[in-house]
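Numbering (my numbering), first residue to last: 97 to 400. Beta carbons are placed, not taken as given, at the ideal position from N, Cα and C, and that holds for glycine.
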Ligand SMILES: [Mg+2]
């Protein structure tokens, strides 16, 4: 096996094969095999799909999200992949889509699905936003007003398609209080058409529109329709949060050509097949992607 086929960093699948005391281990055989199989499937296929969450996945989490820059070296790797012109790359984020381009500053511009998939920003600047029925929108606006006056002890975030309560950083007792009050306020509204709850780590969102799984499905539907020769392309989704689980499951529905990757410092229960610890293992994965997406190396690997 050539050096170029070796994985950068450690890639694991489940604990049990991982040292809980934090000792760094190399790849479990099953995760390594899965990754080898996945990257080998690039050979002869033109347009792999690389779908990425932003916060916690490409960048360390920051309470002030405008300071959450990508890990050193990640932006450059993404740009190299983007410039190869082989990969269709998209970011799927909980943020408003317009926030991502300045953080990543990629050329050519990236496709971004914002607000967990309710918003779509095309590379040419076109924007689509899912809307709620008028009655639902009116009730959502009432909750917005309520939270502006009283943020229930947490941090209120106002979004175009919903309201978010954050309790990251609060003590356990305080976090439980905030969550309880938030659920009391949000739960009755989930009976209205078009509104749903979205759980994420240290927060809860009441929102309109598709979730990240819906965004992946929309992208897959376009690919299946033969847009740009992507119908049977390999695809991967990388994310860190509970809100990424729906996207992991959507990717798995396409079978072995879909790879779901949990990017996170510590392991947690997940539907994802492979677990990577940022930033080194993430960068290793992106280097492998760059190599596999390089036409020359596809040619070489098919002659191996
Ligand atoms: Mg995230």
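{"Query": "Can the beta-carbon of residue 186 be found less than 7 Å from the beta-carbon of residue 210?", "Result": "no"}
{"Query": "Would you kindly report the start and end of the unbroken alpha helix (DSSP H) that includes residue 381?", "Result": "376-389"}
{"Query": "So what's residue 329 in DSSP terms, helix, strand or just coil?", "Result": "coil"}
{"Query": "Cα-Cα, which of 302, 262 and 188 is closest to residue 145?", "Result": "188"}
{"Query": "Should residue 377 be labelled buried (16 or more other beta-carbon atoms within 10 Å of its own) or exposed?", "Result": "buried"}
{"Query": "Near residue 165, what residues of its chain come up, given a Cβ to Cβ distance below 7 Å and the 5 sequence neighbours on each side ignored?", "Result": "155 and 199"}
{"Query": "For ligand 1, which residues have a Cβ under 5 Å from at least one heavy atom, in chain order?", "Result": "149, 151, 152, 336 and 337"}
{"Query": "So, with DSSP's three-state summary, where would you put residue 151?", "Result": "strand"}
{"Query": "Quick one: residues in its chain with C-beta nearer than 7 Å to the C-beta of residue 338, no 5 flanking neighbours on either side, listed in chain order?", "Result": "295, 296 and 297"}
{"Query": "Is it true that the CB of residue 242 sits closer than 7 Å to the CB of residue 250?", "Result": "no"}
{"Query": "Exposed or buried, what is residue 180 when buried is set at 16 or more other beta-carbons lying within 10 Å of its beta-carbon?", "Result": "exposed"}
{"Query": "What three-state label does DSSP hand residue 272 in the structure shown?", "Result": "helix"}
{"Query": "Identify which residue in 129, 214 and 334 has its Cα closest to the Cα of residue 52.", "Result": "Any question about residue 52 goes unanswered here, given that the chain covers just 97 to 400."}
{"Query": "List the residues that DSSP assigns as beta-bridge partners of residue 356.", "Result": "333"}
{"Query": "Using a Cβ-Cβ cutoff of less than 8 Å, which residues in the same chain neighbour residue 255 once the five nearest sequence positions on both sides are dropped?", "Result": "192, 211, 301 and 303"}
{"Query": "Taking the continuous beta strand (DSSP E) assigned at residue 216, which residues delimit it?", "Result": "215-217"}
{"Query": "Where does residue 138 fall in DSSP's three states?", "Result": "coil"}
{"Query": "To the nearest angstrom, how far is the alpha carbon of residue 340 from that of residue 245?", "Result": "31 Å"}
{"Query": "Grab me the residues of residue 292's own chain with a C-beta within less than 7 Å of its C-beta, minus the 5 sequence neighbours each way, in chain order.", "Result": "286 and 303"}
{"Query": "List the DSSP bridge partners of residue 260.", "Result": "253 and 301"}
{"Query": "How many whole angstroms separate the CB atoms of residue 344 and residue 356, which I take to be in contact at a CB cut-off of 8 Å?", "Result": "4 Å"}
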